[in-house]
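To convert a position in the sequence shown, counted from 1, into the numbering used here, add 68.
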Amino acid sequence: MFRLRWPAIAVAAVLAVGIHADVRPLSEAERAGTRIVADYLARGPQAVMEQLAATSPLRKLGVDEIEARLGPPADSSWELQTLVPSMADRAAAFSVEYPSGVDDTIVLELTKEGADYRVADIRTLAQKSTTPQVFPPLPATEAAAATKPTRVTLIVTLLAGLFAGLLGFVGAKLRLKAIVLIAVLVAAGGAFMAMTQDDRFALDKLLPHRAETVTVAKEHELQLRSLLALRRAIASGTADVDALYARAAKTGEPGRVADLWKAQWDLQQSRNEQVSRTLAAFPSPSEYPLAEILRGRIALTKGDEGSSIVAYEHAVNLGPGRDGLWLETAQALLGLGFDDRAADYLRRLDQIGSRKPDAHYYLSLMAAQKGRAEDSEAHLKRAWSMRPVPRARLVEAGVLWSILRRESTVNLIGLSAPEEATFVSTDVSTRSIALPAGADAWVSGDFLHVQIAGQQLSVPGGAALAPAGTRVADAAELQRDIDEHSIAELPQLMNI
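Put into structure tokens, the structure is as follows:
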């Protein structure tokens, strides 16, 4: 999985990013989604079947379809992401890392039935987005035709030339009127050319029957249960992925999903040429978020800066807006030297009230690098309250040293204390959920972590969901859990 290492950004970051919004509390839909995922990690797909909405098409497809969407629960690590506010009351998004190291983002689309939220649909990155690209690619024949001058193009060009010539022979007042007239003509000409020559403005694209086409496509893409064996193999890394892929569907939506899952596996195995060949079959930009993310990642490995940036921004365009993808995109942009564009994504994180502590540690580092001490301190305090980290990580960042020496910061973080920070949010257990039997949970700051057998669920901003009496961990607990999980996975990873 492409992890974000926030201390590394201190070297490259030279931006100033202000504070715009408070950290957003979990919505009721996200609270319900967290409970459903915890139950899935404990009991498998049957737990989700029991939480399906009455109108969900997944009901007739069964538990295999659910597991194919979510990926096998065994030894997986899940983390709740922050969605844009417009989606917070109808969806919950989770980043997932499977034992093989392959990752995904799962979006639970939720609907309220009575007093409870239930699952209406489950979407993965490999499925076609319900949001089309802002400027989708034209078919090859139309793209070629678009490069040739047309009658309308020639007319507008001649008119522009004529009026440009007349400007030299008229007075100032008439010249101003002529300029306005030229602007109107150019705008009208551009609109006319768009509506007559761009297929996206054709009447058959705008008529009501278009919605029927979308509905049929969405119904078809639900059929992913035939790919369950492939999904399990890629997630675990212990089976013959190539053989299972050879037997998988090669047409329709399942075929595209299989191609992308296999490409993701190939990238994990450093089969870069195979990945490039697979992605070449998808248009650029495509309607598949995973295709664009993989394009961005493989371009990074090849040092192709331009292609990486374009691909990541295509992925962002497809949505849904979520802090995990924006963080990965910002990290890629910073690493490539596109600091201003990276700042835009980090500002988005702040503006939507991202609950991911890393986002605010990043922002603190960046503000300190720019010499904006007040902003840096504010972001550091916010991040610290969300989830404290071992103090050595803050000291190692270097650029934060002047911030750490401030009296208010010293008293908060306690650099001289013998033990790591141990505290919890005042909201702890105020909206608690029932966790599966045998789950081991702890809270640190506003962060909730749940261990369910070999599975892990992290909930930034989730302290309020912790059952009463959940233990309070110190700032080093998460790193210890990560280290233990990595050691437990080592024998399996050595066989991949």
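Backbone N, C-alpha and C fix where the C-beta goes; we use that ideal spot for every residue, glycine too.
ask   = Where does Gly-387 fall in DSSP's three states?
value = If DSSP states are grouped into helix, strand and coil, Gly-387 belongs with coil.
query = Nearest CA to the CA of Pro-458: which residue from Thr-490, Val-187, Ala-110, Leu-533?
reply = Minimum Cα distance to Pro-458 is reached at Thr-490.
inquiry  = On a Cα-Cα basis, can you pick out the residue from Gly-320, Asp-327, Gly-305 that is closest to Arg-313?
reply    = Going by the sequence as given, residue 313 is Tyr instead of Arg. Selected option, being the one with the closest Cα: Asp-327.
task = Within its chain, find whatever has a CB closer than 7 angstroms to the CB of Ser-95; leave out the 5 residues flanking it on each side and keep chain order.
result = Within the same chain, Ser-95 has close Cβ partners Ala-156, Asp-157.
ask   = In three-state terms, what does DSSP make of Leu-462?
value = The answer is helix: DSSP assigns Leu-462 an H, G or I state.
inquiry  = My output table needs one value for Ala-110: the three-state DSSP class, helix, strand or coil.
reply    = Per DSSP, reduced to three states, the secondary structure at Ala-110 is helical.
request  = Starting from Ser-526, follow its DSSP beta bridges and name the residues at the other end.
outcome  = Beta-bridge pairing links Ser-526 to Glu-147, His-517.
ask   = So Ala-465 and Val-496 are in contact, right, with Cβ under 8 angstroms, and what is the actual spacing, rounded?
value = The pair is not a contact, with the Cβ atoms about 28 angstroms apart (cut-off 8 angstroms).
inquiry  = Below 8 angstroms, how does it come out for the stretch 303-310 and the stretch 166-186: are there three or more Cβ pairs, yes or no?
reply    = In short, these stretches touch, since the Cβ pair count reaches three.
message = Whole angstroms are fine: how far does the CA of Gly-513 sit from the CA of Met-454?
response = Rounded to the nearest whole angstrom, the C-alpha separation of Met-454 and Gly-513 is 5 angstroms.
message = Excluding the 5 residues flanking Leu-393 on each side, which residues of the same chain have their C-beta closer than 7 angstroms to its C-beta?
response = Around Leu-393, the same chain offers Ala-383, Val-384 as residues with beta carbons nearer than 7 angstroms, after the five sequence neighbours per side are excluded.
message = Let's test the definition: count the other Cβ atoms within 10 Å of the Cβ of Lys-370 and tell me whether it reaches 16, buried, or not, exposed.
response = With fewer than 16 Cβ atoms within 10 Å of its Cβ, Lys-370 is classed as exposed.
request  = Can you grab the Cα-Cα spacing for the pair Gly-529 / Arg-315, in whole Å?
outcome  = Cα to Cα, the separation comes out at about 43 angstroms.
message = Using C-beta distances below 6 angstroms, list every residue in its chain close to Asp-542, excluding the 5 sequence neighbours before and after it, in chain order.
response = For Asp-542, same chain residues with a beta-carbon under 6 angstroms away, outside a window of 5 residues either side, are Glu-488, Thr-490 in chain order.
request  = Please go through the same chain and pick out, in chain order, the residues whose beta-carbon is closer than 8 angstroms to the beta-carbon of Glu-445, but skip the five residues on each side of it.
outcome  = The beta carbon of Glu-445 sits closer than 8 angstroms to the beta carbons of Ser-432, Ile-471, Arg-474, Ser-476, Thr-477 from its chain, once the five residues preceding and following it are set aside; these are given in chain order.
ask   = What residue does the beta strand (DSSP E) around Leu-176 start on, and which one ends it?
value = It spans 171-181 - the beta strand (DSSP E) in which Leu-176 sits, taken as one unbroken run.
message = Relative to the C-alpha of Gln-419, which candidate in Asp-391, Pro-113, Val-467 has its C-alpha closest?
response = Measuring from the Cα of Gln-419, the nearest candidate turns out to be Asp-391.
ask   = Quick one: what does DSSP say Tyr-185 is sitting in, helix, strand or coil?
value = Of the three classes helix, strand and coil, the one that applies to Tyr-185 here is strand, per DSSP.
message = I'd like to check one pair, Gly-101 with Leu-176: are the Cβ atoms closer than 8 angstroms?
response = A contact, by the Cβ cut-off of 8 angstroms.
task = Indicate the three-state DSSP secondary structure (helix, strand or coil) for Asp-542 in the structure shown.
result = If DSSP states are grouped into helix, strand and coil, Asp-542 belongs with coil.
message = What would DSSP say about Asp-508, mapped onto helix, strand or coil?
response = Three-state result, Asp-508: strand.
message = For Ala-136 and Gly-439, what's the separation of their Cα atoms in angstroms?
response = Straight-line Cα distance between these residues: approximately 49 angstroms.
inquiry  = Please classify Ala-485 as buried or exposed, where buried requires at least 16 other C-beta atoms within 10 Å of its C-beta.
reply    = Answer is exposed; the Cβ neighbour count stays below 16.
request  = On a CA-only basis, which of Asp-132, Asp-90, Gln-149 is nearest Ser-526? Give me that one, please.
outcome  = For Ser-526, the nearest C-alpha among the options comes from Gln-149.
Simplified DSSP assignment, three categories, for Arg-293 = When secondary structure is reduced to three states using DSSP, Arg-293 falls in the helix class.
message = Taking the alpha-carbon of Leu-292 as reference, which of Gln-336, Arg-191, Trp-333, Leu-402 has the nearest alpha-carbon?
response = The shortest C-alpha separation from Leu-292 is found at Arg-191.
request  = Please report how far the alpha carbon of Thr-198 lies from the alpha carbon of Gly-482, in whole angstroms.
outcome  = For Thr-198 and Gly-482, the distance between alpha carbons rounds to 48 angstroms.
ask   = Is Val-463 buried or exposed, if buried means 16 or more other CB atoms sit within 10 Å of its CB?
value = Counting Cβ neighbours within 10 Å, Val-463 comes out exposed, since fewer than 16 surround it.
request  = Keeping to the same chain, check which residues put their C-beta closer than 8 angstroms to that of Leu-298; ignore five residues upstream and five downstream.
outcome  = Cβ neighbours of Leu-298 beyond the five flanking positions: Val-309, Leu-312, Tyr-313, Ala-316, Ala-326, Trp-329, Lys-330.
request  = Would you mind sorting Ile-501 into buried or exposed? The rule is 16 or more other CB atoms within 10 Å of its CB.
outcome  = Counting the other Cβ atoms within 10 Å of the Cβ of Ile-501 gives 16 or more, which makes it buried.
query = Which two residues bound the contiguous alpha helix (DSSP H) that contains Val-496?
reply = Here Val-496 belongs to no alpha helix (DSSP H), and DSSP marks it neither H nor E.
request  = Would you give the residue range spanned by the alpha helix (DSSP H) that Glu-445 belongs to?
outcome  = Unbroken alpha helix (DSSP H) run through Glu-445: 441-454.
ask   = Taking Gly-182 as the reference, which of Ala-379, Arg-539, Ala-122 has the closest Cα?
value = Among Ala-379, Arg-539, Ala-122, the Cα nearest to that of Gly-182 belongs to Ala-122.
request  = Specify, as a first and last residue, the run of the alpha helix (DSSP H) that Val-343 falls within.
outcome  = Annotation for Val-343: the continuous alpha helix (DSSP H) segment containing it runs 340-347.
Alpha-carbon spacing of Glu-133 relative to Val-540, whole angstroms = Straight across, the Cα-Cα distance linking Glu-133 with Val-540 is about 38 angstroms.
task = Please work out which residues of its chain come closer than 6 angstroms, Cβ to Cβ, to Thr-346, disregarding the five sequence neighbours upstream and downstream, and give them in chain order.
result = Excluding residues within five positions, the ones whose Cβ falls inside 6 angstroms are Asp-327, Ala-331.
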